[in-house]
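**Student:** Going by the UniProt record's numbering, the sequence shown runs without a break in its numbering and finishes at 553.
Glycine is no exception: its CB is placed at the ideal position from the N, C-alpha and C atoms.
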Amino acid sequence: MEPVEGLSLDVPALEDGLISTEAFAKMINLRLLKIDSVNFTGSYEKISKELRWLCWCRCPLMVLPPNLHLDNLVVLEMQHSSIKKVWKETKALHKLKILDLSYSVYLGETPNFAGLSSLHRLELEGCTGLVGVDQSIGHLEKLEFLNLAKCKNISELPDSICNLMSLETMNLNGCSKLCSLPENLGKLEALRKLVLSGSAITDLPISIGLLKNLEDLSLAGLRKQLPSKSWFSYFSSWISPKSSVGSSSLLLPATFSQLSSLRELNLCDLNLSDHEISIDFGSFHFLRSLDLRGNNFCNLPAGISNHPRIGRLVLNNCKNLRSLAELPKNLWTLESKLGTSIERYPNLSNIGKNLYKIANSNCREVADIQGWDFRSFHQFSFSWNLGPDLYQPKKWLYSKLKFLEGYFPVREVPDWFDYKEIGSSIPFCMPSIPIGSDRGMIVCAIYSVNEECNDESTSEVSLTIYFKNKTKGCETFVRSHSSLDGNICQDHAWVCLGVFSEADDEAFDKFLGFKKQVEKELDVQSKCLGTNNGLEYTETDFLKFCGENGIQK
Numbered sequence: 001m002e003p004v005e006g007l008s009l010d011v012p013a014l015e016d017g018l019i020s021t022e023a024f025a026k027m028i029n030l031r032l033l034k035i036d037s038v039n040f041t042g043s044y045e046k047i048s049k050e051l052r053w054l055c056w057c058r059c060p061l062m063v064l065p066p067n068l069h070l071d072n073l074v075v076l077e078m079q080h081s082s083i084k085k086v087w088k089e090t091k092a093l094h095k096l097k098i099l100d101l102s103y104s105v106y107l108g109e110t111p112n113f114a115g116l117s118s119l120h121r122l123e124l125e126g127c128t129g130l131v132g133v134d135q136s137i138g139h140l141e142k143l144e145f146l147n148l149a150k151c152k153n154i155s156e157l158p159d160s161i162c163n164l165m166s167l168e169t170m171n172l173n174g175c176s177k178l179c180s181l182p183e184n185l186g187k188l189e190a191l192r193k194l195v196l197s198g199s200a201i202t203d204l205p206i207s208i209g210l211l212k213n214l215e216d217l218s219l220a221g222l223r224k225q226l227p228s229k230s231w232f233s234y235f236s237s238w239i240s241p242k243s244s245v246g247s248s249s250l251l252l253p254a255t256f257s258q259l260s261s262l263r264e265l266n267l268c269d270l271n272l273s274d275h276e277i278s279i280d281f282g283s284f285h286f287l288r289s290l291d292l293r294g295n296n297f298c299n300l301p302a303g304i305s306n307h308p309r310i311g312r313l314v315l316n317n318c319k320n321l322r323s324l325a326e327l328p329k330n331l332w333t334l335e336s337k338l339g340t341s342i343e344r345y346p347n348l349s350n351i352g353k354n355l356y357k358i359a360n361s362n363c364r365e366v367a368d369i370q371g372w373d374f375r376s377f378h379q380f381s382f383s384w385n386l387g388p389d390l391y392q393p394k395k396w397l398y399s400k401l402k403f404l405e406g407y408f409p410v411r412e413v414p415d416w417f418d419y420k421e422i423g424s425s426i427p428f429c430m431p432s433i434p435i436g437s438d439r440g441m442i443v444c445a446i447y448s449v450n451e452e453c454n455d456e457s458t459s460e461v462s463l464t465i466y467f468k469n470k471t472k473g474c475e476t477f478v479r480s481h482s483s484l485d486g487n488i489c490q491d492h493a494w495v496c497l498g499v500f501s502e503a504d505d506e507a508f509d510k511f512l513g514f515k516k517q518v519e520k521e522l523d524v525q526s527k528c529l530g531t532n533n534g535l536e537y538t539e540t541d542f543l544k545f546c547g548e549n550g551i552q553k
């Protein structure tokens with residue numbers, strides 16, 4: 001018999017959830033043990049000394065027993081455990097690289113880290129019982145990843161955390177009582193990602209400008225935790241070199257220019273006004289993604305159109321935004337949903353051919369927007385009122401696109417669709433297609449959102465098409481590339497085009513027949529309405545009509 005080196009036990013269904021350690025006495029080569037909710041009887045010394053990976057989710061113990069052999073352990077995972085204290089005395093576990101105690105809500109203190117010299121990853125997300133982190137964390141010279149997200153009772157971090165010279169990612173998202181960061185944070189020269197979203201931080205240390213390798217910075221939603229004083233009045237003192245009305249202006253630290261490594265910047269939900277958004281984005285030479293959603297400015301930051309690398313710009317829920325005239329030239333994604341206040345649109349022909357996605361719901365028609373011609377794009381997802389374009393099928397069929405989808409505020413399926421039906425199913429037969437021709441299908445569905453769900457708390461409606469070819473007995477689904485705001489104020493059409501070459505038999509087969517399901521994060525009530533002529537259809541309260549069209553190109 002081969003020696004057992006790995007064992008995964010799925011025993012939550014056991015009445016008492018107890019296993020005798022005698023069962024492990026002969027498994028002297030056991031290296032991997034994965035268990036869930038299990039409690040042991042007998043001596044823990046019976047469990048192999050060679051154990052390298054212990055995954056004990058929902059561990060019922062309040063503290064790990066001292067006679068459990070952990071010396072050779074490399075990975076210790078104890079998510080959702082009842083642990084209050086990991087071990088009673090300081091452990092010298094020099095081989096341990098990953099310690100995951102996520103969502104152990106009874107954990108009252110972190111262990112002494114002095115003996116964990118090889119630790120690379122520390123996961124404490126959702127440990128709501130923690131009020132702080134032990135000073136010994138500064139001994140973790142090899143730590144690369146620190147996750148304290150949703151530790152909502154941690155109010156401060158130890159200064160020793162600035163000694164983590166290998167740290168690349170620090171996630172403090174949702175630490176709602178954390179008001180400040182250590183002054184020497186800039187010593188973390190290896191730091192690449194810093195997430196402060198949802199914390200109560202009101203003042204960033206000046207040394208943050210020394211984080212020369214920082215690539216991803218998220219400050220989203222900080223202001224939600226703050227009193228009436230503007231959070232950005234603190235932030236602008238070091239990030240903006242310009243004087244602005246209503247706030248004092250301080251010089252940037254000399255090291256601020258080292259933030260030029262920044263690639264992703266999230267400033268969403270900070271209620272920033274025009275003078276508070278006067279950031280010199282030119283300092284961030286490598287910036288690719290900029291998220292400004294949920295702010296109060298009326299105009300885009302000055303100079304943003306000249307930025308050479310910004311490819312993704314998110315402006316959702318910027319309800320005061322008046323103009324989109326000045327956009328980065330190399331933009332590939334623009335999201336400005338709920339842009340009902342927009343008065344000026346960009347000349348799309350000036351943005352370049354990298355642009356493949358525009359999402360802008362509850363908006364006016366695009367017929368008068370300069371440079372608008374979706375046929376010039378190879379892949380395009382958008383949420384806009386196409387106006388006359390929606391009713392000109394040739395503009396859909398003779399494009400360069402292999403896939404196209406869009407959301408439009410209309411009430412009826414256009415007349416040029418061959419098959420239209422109100423109800424739960426649409427039977428149809430695909431026409432014969434000459435050899436060598438491209439072939440495809442356009443699908444259209446009109447839907448709305450329930451009024452009781454149509455509010456600010458509603459985020460997005462996600463769409464999925466299910467395709468079923470009854471002749472060949474195959475079925476698959478395609479999820480929409482983009483999503484529509486859940487708080488749309490009128491009926492919308494979702495239209496999807498797929499074009500396949502003669503060689504794409506498998507892909508085309510998957511596109512035959514369909515059933516459509518509208519999914520939503522809140523209050524979804526689905527009911528299966530059965531099958532008809534090879535087409536299954538699932539309807540929700542969001543769906544009203546549907547139509548589809550087999551096409552030949």
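(1) Which term fits serine 8, buried or exposed, when burial requires 16 or more other beta carbons within 10 angstroms of its beta carbon?
(2) Measuring CB atoms only, is the segment 149-160 touching the segment 104-111, in the sense that at least three cross pairs come out at less than 8 Å?
(3) Going by DSSP, what residue range makes up the beta strand (DSSP E) through lysine 420?
(4) Between leucine 54 and tryptophan 87, how many whole angstroms is the CB-CB distance? I'm expecting something under 8 Å.
(5) From this set, Asp10, Ile47, Thr169, which residue's C-alpha is nearest asparagine 29's C-alpha?
(6) Can you tell me which residues form a DSSP beta bridge with lysine 34?
(7) Tell me whether asparagine 266 sits in a helix, a strand or coil according to DSSP, three-state version.
(8) Does the separation of the CB atoms of phenylalanine 297 and serine 336 fall below 7 Å?
(9) Which residue wins for smallest C-alpha separation from leucine 73, given the options Ser82, Asp100, Lys84?
(10) In angstroms with no decimal places, state the Cα-to-Cα distance between aspartate 134 and leucine 164.
(11) Do glutamate 189 and serine 166 come within 7 Å of each other at the CB atom, strictly closer than that value?
(12) Which of the three DSSP states is assigned to cysteine 175 in this structure?
(13) Short check: CB of proline 409 to CB of histidine 492, under 7 Å?
(14) From valine 495 to isoleucine 442, what distance separates their C-alpha atoms?
(15) What's the C-alpha gap between threonine 90 and isoleucine 98?
(16) Under 8 Å Cβ to Cβ from glycine 42, same chain only, skipping five residues before and after it: list those, please.
(17) Between leucine 219 and leucine 267, is the Cβ-Cβ spacing less than 7 Å?
(18) Determine the extent of the beta strand (DSSP E) in which leucine 217 is found, giving its start and end residues.
(19) At which residues does the beta strand (DSSP E) containing arginine 121 begin and terminate?
(20) For the beta strand (DSSP E) containing aspartate 100, list its first residue and its last residue.
(21) Quick check on DSSP: helix, strand or coil for alanine 325?
(22) Kindly indicate which residue of Phe284, Ser199, Asn39 has the alpha-carbon position closest to the one of arginine 58.
(23) Counting C-beta neighbours from all protein chains within 10 Å, is the total for histidine 307 16 or more, i.e. buried, or is it exposed?
(24) If leucine 96 sits next to leucine 116, beta carbons under 8 Å apart, how far is it from one beta carbon to the other, in whole angstroms?
(25) What residues match up with aspartate 291 in a beta bridge as DSSP calls it?
(26) Since glutamate 326 contacts isoleucine 304 with CB under 8 Å, what's their CB separation in whole angstroms?
(27) Measure from the alpha carbon of serine 197 to the alpha carbon of each residue in Asp36, Leu217, Leu287, then state which is nearest.
**Tutor:** Well, looking at it:
(1) Here residue 8 is taken as the residue at index 8 of the sequence shown, counted from 1. Exposed, since its Cβ has fewer than 16 Cβ neighbours within 10 Å.
(2) no
(3) The residue given as residue 420 occupies position 420 in the sequence shown. Looking at the DSSP string, the run of the beta strand (DSSP E) that includes lysine 420 is 419-421.
(4) If you number the sequence shown from 1, residue 54 lands on position 54. If you number the sequence shown from 1, residue 87 lands on position 87. With a Cβ gap of about 13 Å, leucine 54 and tryptophan 87 do not count as contacting.
(5) Numbered from its first residue, the sequence shown carries residue 29 at position 29. Nearest of Asp10, Ile47, Thr169 to asparagine 29, Cα basis: Ile47.
(6) Sequence index remark: in the sequence shown, residue 34 carries index 34 (1-based). According to DSSP, lysine 34 bridges with Ser8, Cys55.
(7) Here residue 266 refers to the residue found at position 266 of the sequence shown. Annotated three-state conformation of asparagine 266 is strand, per DSSP.
(8) Position 297 of the sequence shown, counting from 1, holds the residue named residue 297. Position 336 of the sequence shown, counting from 1, holds the residue named residue 336. In this structure, phenylalanine 297 keeps its C-beta atom at 7 Å or more from the C-beta atom of serine 336.
(9) To locate residue 73, count along the sequence shown from 1; it is residue 73. Out of Ser82, Asp100, Lys84, Asp100 has the C-alpha closest to the C-alpha of leucine 73.
(10) Sequence index remark: in the sequence shown, residue 134 carries index 134 (1-based). Sequence index remark: in the sequence shown, residue 164 carries index 164 (1-based). The C-alpha of aspartate 134 lies about 14 Å from the C-alpha of leucine 164.
(11) Counting from one through the sequence shown, the residue named residue 166 turns up at place 166. Counting from one through the sequence shown, the residue named residue 189 turns up at place 189. It is not a contact, given that the beta carbons lie outside the stated cut-off.
(12) On the sequence shown, residue 175 is found 175 positions in, with the first residue counted as 1. If DSSP states are grouped into helix, strand and coil, cysteine 175 belongs with coil.
(13) Taking the first residue of the sequence shown as 1, we reach residue 409 at position 409. Taking the first residue of the sequence shown as 1, we reach residue 492 at position 492. For proline 409 and histidine 492, yes; Cβs fall inside 7 Å.
(14) To locate residue 495, count along the sequence shown from 1; it is residue 495. To locate residue 442, count along the sequence shown from 1; it is residue 442. About 7 Å.
(15) One-based indexing of the sequence shown puts residue 90 at position 90. One-based indexing of the sequence shown puts residue 98 at position 98. Threonine 90 and isoleucine 98: Cα-Cα distance of roughly 17 Å.
(16) Along the sequence shown, read from residue 1 onward, the residue named residue 42 stands at position 42. Excluding sequence neighbours, glycine 42 sits near Ser20, Thr21, Glu22.
(17) Start at 1 with the first residue of the sequence shown, and residue 219 comes out as number 219. Start at 1 with the first residue of the sequence shown, and residue 267 comes out as number 267. Yes, the pair counts as a contact, with Cβ atoms nearer than the cut-off.
(18) Along the sequence shown, one-based indexing puts residue 217 at 217. That run of the beta strand (DSSP E) goes 216-218.
(19) Here residue 121 refers to the residue found at position 121 of the sequence shown. Its beta strand (DSSP E) spans residues 121-123.
(20) Within the sequence shown, the letter at position 100 stands for residue 100. 98-100 is the span of the beta strand (DSSP E), which, as asked, contains aspartate 100.
(21) Here residue 325 corresponds to residue number 325 of the sequence shown, with the count starting at 1. Note: alanine 325 maps to coil in three-state DSSP.
(22) On the sequence shown, residue 58 is found 58 positions in, with the first residue counted as 1. Sorting Phe284, Ser199, Asn39 by C-alpha distance to the C-alpha of arginine 58 places Asn39 at the top.
(23) Within the sequence shown, numbered from 1, the residue matching residue 307 stands at position 307. Using a 10 angstroms sphere on the CB of histidine 307, the tally of other CB atoms reaches 16 or more, which defines it as buried.
(24) In the sequence shown, counting from the first residue as 1, residue 96 sits at position 96. In the sequence shown, counting from the first residue as 1, residue 116 sits at position 116. Going by Cβ atoms, the distance from leucine 96 to leucine 116 rounds to 5 Å, so yes, they are a contact pair.
(25) Counting from one through the sequence shown, the residue named residue 291 turns up at place 291. Bridge partners of aspartate 291: Asn266, Val314.
(26) Counting from one through the sequence shown, the residue named residue 326 turns up at place 326. Counting from one through the sequence shown, the residue named residue 304 turns up at place 304. Sure, about 6 Å apart at Cβ, within 8 Å.
(27) In the sequence shown, the residue the question calls residue 197 occupies position 197. Selection Asp36, Leu217, Leu287 evaluated against serine 197 yields Leu217 as nearest (Cα-Cα).
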